[in-house]
Amino acid sequence: MKVFVFLCLFLSSEERWKIVIPEPTWTPLKVKIESNSREMLSEILPLLQFTEFYEFNFEGKADFEITIKTEEKNASVEIEDFSGGKRASFVYELNVPYFVEKLADRIVEETAGIKGYFTSRFVFVSDVDRYKELFTMDIMGKKVERLTDLKGKILGVRAEQECKWISFTFLTGGHSEIYLLKEEKLEKFITEPGFKTGLSLSPDGFFAVYTGLKNGEPKILLKDLRSGKSSILISSPAPEVSAVFSPDGKKVAYVSERPGVPAIYVFDTEKKNSERISYKSNYCTSPNWSGDGAFLAYTCLEPNGEMNIYIYDFKNKTERKITGGTRSNESPSFYPHGNFIAFTSNRTGNYEIYITDIWGKFLKKLTHSPSNEYEVVWCAGKQ
Amino acid sequence: MTLHIYTISIILSLFFHLFIFKTLKIFPEHKPDGRGYSFYGERVITASLFRVLPPSGSGGKKGFSGEVLKGIKGINKIPAKSEEGTISFEEAISELLGEGSEEGIPYSFSYFEEIKRKIMKEWNLPEGMKEQLKSLKCTILMKMRRDGEVLELKILRSSGNELYDLSAIRAIKKAAPFSPFPMVIPKEEIEIEVEF
């Protein structure tokens, strides 16, 4: 009886029900976009479609409704969120450089939560004119501009997140020079004699790490730019190359031959110790940090001779391959504000630039040239 | 004397329960499939006992978790006879879990499963959430009217990420309106915590 009474009370109680929604299968946001200007639509739609973050042809309700009104000098944008919780409106001046890209950036930031996507650029090496020179292009693989005309071979390209400085090694006549391109000025940066390559500057700009020869062995050297003094950063009997500062400047990723083959290590500048990161392959090079320092991307040689991009997740301490089965995939470079990676691959014959995400689920080919493109660096748009 | 008091108490208690059951409209107006009231009543009580549904997962029937199946106590006490003949234990479970609810009266399990399916279908996450997805969780309180209309949505527990919270609200708003309450929910309005 008591049970029945309890049940009756239970039935008439005001208790809440609960539903748990499982992790979704990833589908693009459904967006309706309209404008009073067909020209504006024809410019902005290809950009938004390029991202694959959105679906424009669908049935049912949209997640976002975007209205762009162009007037004589301005374009005003209204973004209606179906949740009713957020409504963005902003105005951009027409006919200023990259205004369509800036407008698209704002739309992507408000709806997909990714910053500066369309104003980001790539710096890369191309052998388009038989030398290996430095070029830049936009995210769509267009608006290509030449940055150097040194008539030699450029390698070891590094850059600050917004490419405020770009460093590279220039090889000519058996000599190597490290150059720094800053505010459109090109200068020789490390003047010490002997072989040197792969310069990376600390975020505060006080230190530089690079590879130099010590007793005939390549070593990671640290240069205090205030005093001008250089010293060996990491003491080990093995050859070490490709040092890169983490975004917070507290760690340095590098390649060491301590295990007998090149492997990725991370040196903690505070604790003064190194940790091996790459184990899945026996030959790994080209470390590159994600913008928040949570991931490290690098290239590894597979037993079948292919090169693939691997990602190390510092939080979960896991290593995973994001490219595969397609010849060589090299030179990974993170998008500074998100989970995208640019890399070079010869999967279609010559080396071209591709972008993917850290899960390897998204792939876009950006260059389609008869030349080879190497050593890509992804630079964030200026905020 | 004591025996009389007990007898009277039992009779009064029976009347009381009948009154409550009638008031709450737990008994159906008709036999939907020719099966006994006791079976139907058992189903109602069982369904109501699981107001707070556990998350769906593998091991359950039609997307329900094993916990639900384990939780249905007294299921083997369900009369196994119908006008058409014997129903199997599996059929009884299917009946309880709402299989075939399109043809018959929707039961509470299938009702909430339908809400869940509709919300899942409409939940599109911004690209920038991908990496953080596993670490984000938010709960939305949804107030619903008997006819399936959503009256109010409130963020009960925020994920701390505005885009994520709004994507959850968007999913519910896009999925609404839902089907009217089944008769096993004898309320004019209910509140559901939807955890994303």
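Going down the list, the protein sequences come from chains A and B.
Per this note's numbering, the very first residue in the first sequence carries number -7; after that it's consecutive.
Per this note's numbering, the very first residue in the second sequence carries number 292; after that it's consecutive.
Heads up, the beta-carbon is just placed ideally off N, CA and C, and yes, glycines get one too.
Quick caveat: nothing in here was measured; it's all calculated off a predicted structure.
Cutting at 6 Å between CB atoms, please list the residues of its own chain near residue i, excluding the five before and the five after it.
{"i": "Phe50(A)", "result": "Lys22"}
{"i": "Ser458(B)", "result": "Leu416"}
{"i": "Ile483(B)", "result": "Met433"}
{"i": "Thr59(A)", "result": "Glu26 and Glu70"}
{"i": "Val267(A)", "result": "A small fix is needed here, since residue 267(A) is Glu in this sequence, not Val. Contacts found: Val258."}
{"i": "Lys156(A)", "result": "none"}
{"i": "Arg339(A)", "result": "Thr318 and Arg319"}
{"i": "Phe332(A)", "result": "Ile347 and Asp349"}
{"i": "Phe187(A)", "result": "Ser168 and Leu205"}
{"i": "Tyr327(A)", "result": "Trp370"}
{"i": "Val100(A)", "result": "Ile106 and Tyr109"}
{"i": "Ile406(B)", "result": "Phe469"}
Give a yes or no on whether the minimum CB-CB distance between residue i and chain A is below 7 Å.
{"i": "Ile411(B)", "result": "Sequence inspection shows Met at residue 411(B); the Ile mentioned does not correspond to that position. For Met411(B), the answer is yes, since a Cβ of chain A falls inside 7 Å of its Cβ."}
{"i": "Arg461(B)", "result": "yes"}
{"i": "Phe487(B)", "result": "yes"}
{"i": "Leu454(B)", "result": "yes"}
{"i": "Ile296(B)", "result": "no"}
{"i": "Glu405(B)", "result": "no"}
{"i": "Leu457(B)", "result": "yes"}
{"i": "Glu443(B)", "result": "no"}
{"i": "Lys488(B)", "result": "Here chain B comprises residues numbered 292 to 487, so residue 488(B) is not present and cannot be evaluated."}
Say whether chain B places a C-beta atom closer than 7 Å to the C-beta of residue i.
{"i": "Ala372(A)", "result": "no"}
{"i": "Asp55(A)", "result": "yes"}
{"i": "Arg8(A)", "result": "yes"}
{"i": "Ile13(A)", "result": "yes"}
{"i": "Ile224(A)", "result": "no"}
{"i": "Pro239(A)", "result": "no"}
{"i": "Leu21(A)", "result": "yes"}
{"i": "Pro38(A)", "result": "no"}
{"i": "Pro16(A)", "result": "yes"}
{"i": "Phe45(A)", "result": "yes"}
In angstroms with no decimal places, state the Cα-to-Cα distance between residue i and residue j.
{"i": "Ser300(B)", "j": "Phe307(B)", "result": "10 Å"}
{"i": "Asp240(A)", "j": "Glu154(A)", "result": "15 Å"}
{"i": "Ser192(A)", "j": "Tyr84(A)", "result": "36 Å"}
{"i": "Cys429(B)", "j": "Glu453(B)", "result": "10 Å"}
{"i": "Asn28(A)", "j": "Asn66(A)", "result": "13 Å"}
{"i": "Phe491(B)", "j": "Glu413(B)", "result": "Outside the shown range of chain B, which is 292 to 487, sits residue 491(B), and nothing can be said about it."}
{"i": "Thr128(A)", "j": "Gly283(A)", "result": "20 Å"}
{"i": "Leu444(B)", "j": "Lys313(A)", "result": "42 Å"}
{"i": "Leu424(B)", "j": "Asp73(A)", "result": "20 Å"}
{"i": "Phe48(A)", "j": "Asp349(A)", "result": "22 Å"}
{"i": "Leu90(A)", "j": "Asp438(B)", "result": "The question names Leu, but residue 90(A) is Tyr in the sequence shown. When rounded, the distance between both Cα atoms is 51 Å."}
{"i": "Glu367(A)", "j": "Ile446(B)", "result": "46 Å"}
{"i": "Thr310(A)", "j": "Val369(A)", "result": "24 Å"}
{"i": "Thr103(A)", "j": "Arg113(A)", "result": "21 Å"}
{"i": "Tyr109(A)", "j": "Ala372(A)", "result": "7 Å"}
{"i": "Gly341(A)", "j": "Glu322(A)", "result": "14 Å"}
{"i": "Ile296(B)", "j": "Leu305(B)", "result": "14 Å"}
{"i": "Ile301(A)", "j": "Ser470(B)", "result": "49 Å"}
{"i": "Asp119(A)", "j": "Leu37(A)", "result": "32 Å"}
Can you name, in chain order, every residue of its own chain whose Cβ lies under 8 Å from the Cβ of residue i, other than the five neighbours on each side?
{"i": "Lys145(A)", "result": "Tyr123, Lys124, Phe162, Leu163 and Thr164"}
{"i": "Glu35(A)", "result": "Val92"}
{"i": "Glu137(A)", "result": "Phe127, Thr128 and Met129"}
If we count the other Cβ atoms within 10 Å of its Cβ and call it buried at 16 or more, is residue i buried or exposed?
{"i": "Pro254(A)", "result": "buried"}
{"i": "Val236(A)", "result": "buried"}
{"i": "Lys180(A)", "result": "exposed"}
{"i": "Pro210(A)", "result": "buried"}
{"i": "Trp9(A)", "result": "buried"}
{"i": "Ser227(A)", "result": "exposed"}
{"i": "Gly76(A)", "result": "exposed"}
{"i": "Val149(A)", "result": "buried"}
{"i": "Met299(A)", "result": "buried"}
{"i": "Glu422(B)", "result": "buried"}
{"i": "Asn207(A)", "result": "exposed"}
Please determine whether the Cβ atom of residue i lies at a distance below 6 Å from any heavy atom of the ligand FMN.
{"i": "Gly283(A)", "result": "Of the ligands one can find in the structure shown there are none, so the ligand FMN has no counterpart to examine."}
With a CB to CB cut of under 7 Å and the five nearest residues on each side skipped, what residues in its chain are close to residue i?
{"i": "Phe354(A)", "result": "Glu44 and Thr348"}
{"i": "Gly352(A)", "result": "Ile314 and Thr315"}
Quick one: which residues of the segment 64 to 87 of chain A get their C-beta closer than 8 Å to a C-beta of chain B? List them in chain order.
-> Asp73, Phe74, Ser75, Gly76, Gly77 and Lys78
Interface positions of the segment 417 to 430 of chain B facing chain A (Cβ-Cβ less than 7 Å), listed along the chain | Pro417, Glu418, Gly419, Met420, Lys421, Glu422 and Leu424
Interface positions of the segment 317 to 351 of chain A facing chain B (Cβ-Cβ less than 8 Å), listed along the chain = Gly330, Asn331, Asp349, Ile350 and Trp351
Residues of the segment 98 to 114 of chain A with Cβ closer than 7 Å to any Cβ of chain B, in chain order | Thr103, Ala104, Gly105 and Ile106
Given a limit of 8 Å on CB to CB distance, which residues of the segment 470 to 487 of chain B reach chain A?
-> Pro477, Ile481, Glu482, Ile483, Glu484, Val485, Glu486 and Phe487
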